[in-house]
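Colleague:
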Amino acid sequence: MDTVTEHNMAIAMALNGGIGVIHTNLSLEAQIKEVTNVKRYKNGFILDPVCITPTTTLAELDDLRRKCGFTGFPVTEDGNMGSKLMGLVTKRDTDFLDNRSSTLVGSIMKKIGDLTVADECVELAAANMVISEKKLGKLPIVTKGGRLVALVARTDISKQAEFPLATKDKNGSLMVAAAIGTRLADRDRAMALVAAGVDAIIVDSSQGDSTFQHDIVRWMKAEFPDLQVIGGNVVTMRQAKHLIECGVDALRGGMGIGSLCTTHGGG
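Per numbering that gives the first Met the number 0, residue 0 is the first one in the sequence shown, and the count goes up by one each step.
As structure tokens, this is what we get:
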């Protein structure tokens, strides 16, 4: 699986009726974050908007606009997504202002008390209706504590497509799988992935018919009976039979796990 699929690829695959497998060449924390990004995705919601702080100068904002290609930015307490929303700054707020190297965004932005925001549970159709009715450029989505969790933009409404074949779980979230190895430490990884909501785990091994894989497959099926476990790789009937006896729900056929795998080579 190398390093091909992370959350952007997995989201695209799930929207079109497939399922992506987040590779295992990541730290545990990074792999969990990739899985969480897929599970939290909602089509039409911007989950990673560029944020700035109230102490950003207009000159710095001008540079950011040139780099990003858009003009409106949410202003958060520390300039990061997930922190408290302080306001919103648009091109209209900054036009015709002088002293751009010393004027701070916090002094000219539209402050939170004057903004229209939506709760994090809002559906996309409702968010789009608010934007249309109130003629907003952007609608921040916040938690009850006022933390920014998403953004919906007027310019994206016309781009939003329906994906009737999207692969979703019973809660309506996109489905995603993740890969692990066969080491003892991978059991901790598997537990963390399940806690994060992963829908399937693939044991990423060039030779699937090993005692190491047998053991981790049996362990996962005993610990998480409802988890979909995919074993492999296998190329013979006997290899497949052994993994099926261990409890796998599906098999991955073929030789080698990626472009760098030495088991691809022939004599």
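Quick reminder that beta carbons are idealized off the backbone N, C-alpha and C, glycines included.
Could you give the DSSP three-state label for V88: helix, strand or coil?
Modeller: Three-state DSSP puts V88 in a strand.
Colleague: Whole angstroms are fine: how far does the CA of G68 sit from the CA of L103?
Modeller: So the two alpha carbons sit approximately 21 angstroms from each other.
Colleague: By how many angstroms is the C-alpha of T75 removed from the C-alpha of V148?
Modeller: Computed Cα separation, rounded: 11 angstroms.
Colleague: Can you list, in chain order, the residues of its chain with a C-beta nearer than 7 angstroms to that of K167? Leave out the 5 residues immediately preceding and following it.
Modeller: Closer than 7 angstroms at the Cβ level, and outside the excluded window around K167, lie L173, M174.
Colleague: Residues in its own chain within less than 7 angstroms of T89 by CB, not counting five upstream and five downstream?
Modeller: Contacts found: T70, G71, G136.
Colleague: For the alpha helix (DSSP H) containing Q238, name the first residue and the last one.
Modeller: Unbroken alpha helix (DSSP H) run through Q238: 236-245.
Colleague: For a test of the three-state rule: what should DSSP assign to Q30, helix, strand or coil?
Modeller: Here Q30 sits in helix by DSSP.
Colleague: Should S204 be labelled buried (16 or more other beta-carbon atoms within 10 Å of its own) or exposed?
Modeller: So S204 counts as buried.
Colleague: Between C50, T55, G105, R64, which lies nearest to N79 when the distance is taken from Cα to Cα?
Modeller: Comparing Cα positions, the closest option is C50.
Colleague: What would DSSP say about K70, mapped onto helix, strand or coil?
Modeller: In the sequence on display, residue 70 carries Thr and not Lys. It is coil, neither helix nor strand.
Colleague: When the Cβ atoms of the segment 47-65 are set against those of the segment 94-108, are three or more pairs found closer than 8 angstroms?
Modeller: Yes, since at least three Cβ pairs between the segment 47-65 and the segment 94-108 fall closer than 8 angstroms, the two stretches touch.
Colleague: Bridge partners for P139 per DSSP, in chain order?
Modeller: Partner(s): L150.
Colleague: Could you work out which residue in L60, A13, K66 is closest to S100 when comparing CA atoms only?
Modeller: With distances taken between Cα atoms, S100 lies closest to L60.
Colleague: Taking the continuous alpha helix (DSSP H) assigned at V216, which residues delimit it?
Modeller: It spans 210-222 - the alpha helix (DSSP H) in which V216 sits, taken as one unbroken run.
Colleague: Give the range of the alpha helix (DSSP H) segment to which R186 is assigned.
Modeller: Its alpha helix (DSSP H) spans residues 184-194.
Colleague: Tell me, to the nearest whole angstrom, how far the beta carbon of V34 is from that of L84; I am working on the premise that it is less than 8 angstroms.
Modeller: About 26 angstroms separates the two Cβ atoms, so there is no contact after all.
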